[in-house]
Amino acid sequence: MANGKTGKHQIPDTIRVRDYRGKLIVPGFVDTHIHYPQSEMVGAYGEQLLEWLNKHTFPTERRYEDLEYAREMSAFFIKQLLRNGTTTALVFGTVHPQSVDALFEAASHINMRMIAGKVMMDRNAPDYLLDTAESSYHQSKELIERWHKNGRLLYAITPRFAPTSSPEQMAMAQRLKEEYPDTWVHTHLCENKDEIAWVKSLYPDHDGYLDVYHQYGLTGKNCVFAHCVHLEEKEWDRLSETKSSIAFCPTSNLYLGSGLFNLKKAWQKKVKVGMGTDIGAGTTFNMLQTLNEAYKVLQLQGYRLSAYEAFYLATLGGAKSLGLDDLIGNFLPGKEADFVVMEPTATPLQQLRYDNSVSLVDKLFVMMTLGDDRSIYRTYVDGRLVYERN
1 MANGKTGKHQ IPDTIRVRDY RGKLIVPGFV DTHIHYPQSE MVGAYGEQLL EWLNKHTFPT
61 ERRYEDLEYA REMSAFFIKQ LLRNGTTTAL VFGTVHPQSV DALFEAASHI NMRMIAGKVM
121 MDRNAPDYLL DTAESSYHQS KELIERWHKN GRLLYAITPR FAPTSSPEQM AMAQRLKEEY
181 PDTWVHTHLC ENKDEIAWVK SLYPDHDGYL DVYHQYGLTG KNCVFAHCVH LEEKEWDRLS
241 ETKSSIAFCP TSNLYLGSGL FNLKKAWQKK VKVGMGTDIG AGTTFNMLQT LNEAYKVLQL
301 QGYRLSAYEA FYLATLGGAK SLGLDDLIGN FLPGKEADFV VMEPTATPLQ QLRYDNSVSL
361 VDKLFVMMTL GDDRSIYRTY VDGRLVYERN
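Per UniProt numbering, the sequence shown starts with residue 1, numbered consecutively.
Shown next, in the form of structure tokens:
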């Protein structure tokens with residue numbers, strides 16, 4: 001194939017040919033919700049969302065005040081994405097602007113497609129992690145000016161979630177979005193029932209959780225809401241009407257006992273959905289394992305996710321959720337060359353199951369149920385080999 005056309009093509013002598021017969025080549029995976037400053041706390045024991053944040057998350061994120069530490073962890077984070085076949089991610093930083101600088105620096109070294117932002121959080125968290133409405137605006141503005149559309153890097157305005165932002169800070173997030181309308185918005189929504197009740201107590205004049213974001217202009221295209229496990233009907237309708245997107249995070253929803261995301265309802269409402277690993281409440285960087293858990297979440301609701309649907313969610317579906325489907329997500333001519341070479345027989349069990357699978361959809365299903373980082377043979381970003389399994 002050359003330039004989207006199959007046939008016999010003359011390959012220039014200067015082109016290096018790699019023989020990947022027996023492998024499976026897919027578009028790079030798209031992770032629509034992940035926290036890079038929580039890698040150290042994956043598998044933290046025994047809490048639900050609000051307790052988990054206070055006991056594990058906030059103390060871990062405090063360490064990212066140190067730029068050198070943030071750089072060290074950014075390098076680790078990028079390597080984990082690549083070894084798991086993820087080539088694009090929508091990423092939470094911490095409240096510290098240097099955490100975002102460190103991540104964008106690391107991504108820029110390999111020209112990786114990355115969207116990230118500094119957390120805006122001025123209340124209901126430890127004093128050592130709080131910014132202010134004014135400081136969060138100015139720091140975010142500086143980061144946008146420095147990084148947004150710098151190469152393949154993009155910026156997301158990132159209030160952690162409504163309970164940790166005052167009305168004044170939400171107004172500043174709105175101001176940023178109005179001043180930079182081509183930026184993204186990335187936050188959490190309706191993950192946990194206690195969280196929803198908390199939002200109602202903090203914003204009593206709003207018509208539900210999503211209405212807080214909507215009234216501050218933080219819904220619409222390129223606005224991505226993680227979780228959405230406990231949405232009201234009117235919130236489903238508003239997400240659809242505003243063309244907002246959802247990040248489906250099955251491993252973290254199960255791990256924290258938050259609930260089961262209703263993918264079928266999202267599709268019925270024509271709401272865009274992508275997959276999120278949600279490290280560190282999520283327990284794996286690996287998109288195959290995330291799809292495996294998604295299948296189980298949906299089985300519990302009487303819906304059988306097909307392998308084709310699953311791989312769509314992890315690639316083009318994620319790209320559409322991020323508004324990047326004109327650039328990534330499949331192999332159409334002109335798209336950016338982010339792709340993964342997968343080893344379908346990486347383990348003896350995978351080999352056995354693969355040999356006993358007939359159709360392509362069966363083979364893909366085996367990969368998403370039995371696959372892990374060992375299934376990622378090579379990862380390419382912007383046409384360059386950036387990871388190879390030894």
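Glycine is no exception: its CB is placed at the ideal position from the N, C-alpha and C atoms. If you're wondering where the values come from, they're calculated on a predicted model, not measured in any experiment.
Non-local C-beta neighbours of residue 327 in its own chain, meaning closer than 6 Å and more than five positions away in sequence, comprise 336, ordered along the chain.
Scanning 339, 374 and 160 for the CA closest to the CA of residue 348 turns up 374. Counting the other CB atoms within 10 Å of its CB gives residue 320 a total of 16 or more, which places it among the buried residues. Take residue 20, set aside five residues on each side of it, and the residues of its chain with a beta-carbon closer than 7 Å to its own are 341, in chain order.
Counting the other Cβ atoms within 10 Å of the Cβ of residue 138 gives fewer than 16, which makes it exposed.
Secondary structure of residue 282 (DSSP, three-state): coil. In its chain, beyond the 5 residues on either side, 220 and 221 have a beta carbon closer than 7 Å to the beta carbon of residue 243. Residue 83 and residue 387 have their C-alpha atoms roughly 6 Å apart.
Ranked by Cα distance from residue 233, the first of 160, 268 and 154 is 268. The beta-bridge partner set that DSSP reports for residue 92 consists of 35 and 117.
Within a 10 Å sphere around the beta-carbon of residue 277 sit 16 or more other beta-carbons, which makes this residue buried.
One thing to note: residue 271 has its Cβ no nearer than 9 Å to the Cβ of residue 306. Per DSSP, residue 384 is not a residue of any alpha helix (DSSP H); the beta strand (DSSP E) it occupies stretches across 384-388. In this structure, 258 is the residue among 363, 356, 381 and 258 with its C-alpha nearest to the C-alpha of residue 49. DSSP places residue 378 inside the beta strand (DSSP E), whose first and last residues are 376-381. For the pair residue 101 and residue 264, the Cα-to-Cα distance works out to about 38 Å. Restricted to the stretch 269-325, the beta strand (DSSP E) segments that are unbroken, complete and at least 3 residues in length are 272-275, listed in chain order.
For residue 354, DSSP assigns no beta-bridge partner whatsoever.
Residue ranges of uninterrupted alpha helix (DSSP H) with 4 or more members, entirely inside the stretch 178-205 and ordered along the chain, are 193-202. Your pair residue 112 and residue 87 checks out as a contact, with CB atoms roughly 7 Å apart and the cut at 8 Å.
Separation of residue 280 and residue 61 (C-alpha to C-alpha, rounded to the nearest whole angstrom) is 11 Å. Under a 10 Å Cβ-count criterion, residue 12 is classified as exposed, with fewer than 16 other Cβ atoms of the shown protein chains found around its own Cβ. Listed as beta-bridge partners of residue 81 by DSSP are no residues whatsoever. Residue 26 has 340 as its beta-bridge partners, per DSSP. Within the model, the alpha-carbon separation for residue 65 versus residue 130 is close to 12 Å. Counting the other CB atoms within 10 Å of its CB gives residue 38 a total of 16 or more, which places it among the buried residues. Residue nearest to residue 266 within the set 360, 114 and 230 is 230 (criterion: CA-CA distance).
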